[in-house]
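Report on the structure given below.
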Ligand code: GLU
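In structure tokens, the structure reads:
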């Protein structure tokens, strides 16, 4: 398969530096290997996604000089998610779940302190064959979410940057959701169907998603798709050591562009964080292509000053 990478932003706000860091490294990896780059707008959360943010992502990427070869919008691809969900349902691997968030938290083991929710299997039927009969007339009157059955299995894979990872899915997440009760498609299903159908061979993204890869590999295998190479990245963090997020206003691209930084200045600093150049000097995206090598990219997270300031930005 020809080499293909992707950047898959969720348009729920302006891109912050961490998003740009992922975009840049995925783009450089692709361009340095002569591959193609896909931009996929992940707008499946109807409450939080905004078209204006999606347009802004495209404007920001153009401003940075990160060009894409194909572009997709997930909300236009729902029929594909349904088709693949049906394939899993036909294998007898899915069931309706009527639990509310409060029900799930009530059955949660107290040690899951990292925010992970491990589903206790409350709605999993004894016999999966008839699982969907009468699914619409549950005594609670609620509409069900769709969960996939997760066996007591350990998924191992080699992350190209962080090495061997092994996760027992039953302990890590339990039966996970493929479609929410309100009909919204879950990230785990959509990302697998899309990466597979788009022919993505290399997934580059922040290491906050490192332990989503085993759930995704489980789905790849069940659907008979080839698993791509996963290459997770260190995170850019604020000075309190937390991963940058929408709340770190000063480090979103809107503020950075307003404060007068050029695209070359932003790219130079990010390339410096990534070990690609020795000093945070202005540089264009194209100039970075011959300099890029995965072996230069660190594995440790990095602290970024709130003013994205004059010194190296290292914590
Ligand atoms: N849409 C996800 C996010 O913005 C990224 C998904 C992925 O790269 O797999 O966090």
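In our numbering, the protein residues as written are 34 to 348. Virtual Cβ for every residue (Gly too), placed ideally from N, Cα, C. Fair warning: this is a prediction, and the values are worked out from it, not measured in the lab.
Asked, Found
"Using a Cβ-Cβ cut-off of 7 angstroms (strictly less than) and excluding sequence neighbours within five positions of residue 315, which residues of its own chain qualify?", "295, 297, 298, 301"
"Just to confirm, does residue 42 get its C-beta within under 7 angstroms of one of the non-hydrogen atoms of the ligand GLU?", "yes"
"Go through its chain and collect everything with a Cβ distance to residue 71's Cβ below 6 angstroms, but skip five positions before and after it.", "39, 103, 231"
"Any chance you could list the beta strand (DSSP E) runs of at least 3 consecutive residues sitting entirely within the segment 242-303, in chain order?", "262-266"
"Within 10 angstroms of its Cβ, does residue 259 collect 16 or more other Cβ (buried), or is it exposed?", "exposed"
"Please report the straight-line C-alpha distance between residue 101 and residue 37, rounded to a whole angstrom.", "11 angstroms"
"Between which two residues does the beta strand (DSSP E) harbouring residue 211 extend?", "209-212"
"Could you please give me the residues that DSSP links to residue 178 through a beta bridge?", "130"
"With distances taken between CB atoms, is the gap from residue 120 to residue 256 smaller than 8 angstroms?", "yes"
"Based on Cα-Cα distance, which residue from 107, 339, 326 lies nearest to residue 279?", "339"
"Determine whether the beta carbon atoms of residue 285 and residue 117 lie at a separation below 8 angstroms.", "no"
"Go ahead and pull the three-state DSSP assignment for residue 349.", "As displayed, the chain neither begins before 34 nor continues past 348, which places residue 349 out of reach and without an answer."
"From which residue to which residue does the beta strand (DSSP E) around residue 190 run?", "187-192"
"Rounding to the nearest angstrom, what Cα-Cα distance links residue 292 and residue 308 in this structure?", "25 angstroms"
"Using a 10 Å radius around the Cβ and a threshold of 16 neighbouring Cβ atoms, would you call residue 220 buried or exposed?", "buried"
"Near residue 182, what residues of its chain come up, given a Cβ to Cβ distance below 6 angstroms and the 5 sequence neighbours on each side ignored?", "126, 208"
"Assuming residue 267 and residue 332 form a contact by the criterion Cβ under 8 angstroms, report the distance between their Cβ atoms to the nearest whole angstrom.", "6 angstroms"
"What did DSSP end up calling residue 6 once you bin it into helix, strand or coil?", "Because residue 6 is not part of the residues shown, which for the chain are 34 to 348, the question remains open."
"Confirm the yes/no value for this check: CB of residue 259, any heavy atom of the ligand GLU, distance under 7 angstroms.", "no"
"Could you tell me if the beta carbon of residue 57 falls within a distance shorter than 7 angstroms of some heavy atom in the ligand GLU?", "no"
"State the Cα-Cα distance for the pair residue 90 and residue 185, rounded to the nearest angstrom.", "40 angstroms"
"Considering only DSSP beta bridges, list what residue 49 is partnered with.", "285"
"When you compare only the Cα positions, how much space is there between residue 246 and residue 195?", "12 angstroms"
"I need the straight-line Cα distance from residue 329 to residue 235, nearest angstrom please.", "18 angstroms"
"Just the Cα atoms here: how many angstroms apart are residue 213 and residue 177?", "8 angstroms"
"Can you give me the C-alpha to C-alpha distance between residue 341 and residue 41, rounded to a whole angstrom?", "24 angstroms"
"So, at 6 angstroms on beta carbons, what are the nonlocal neighbours of residue 287 in its own chain, with the 5 sequence-adjacent residues on each side left out?", "47"
"On the three-state DSSP scale, how would you describe residue 137?", "helix"
"Report whether the distance from the Cβ of residue 288 to the nearest heavy atom of the ligand GLU is below 7 angstroms.", "no"
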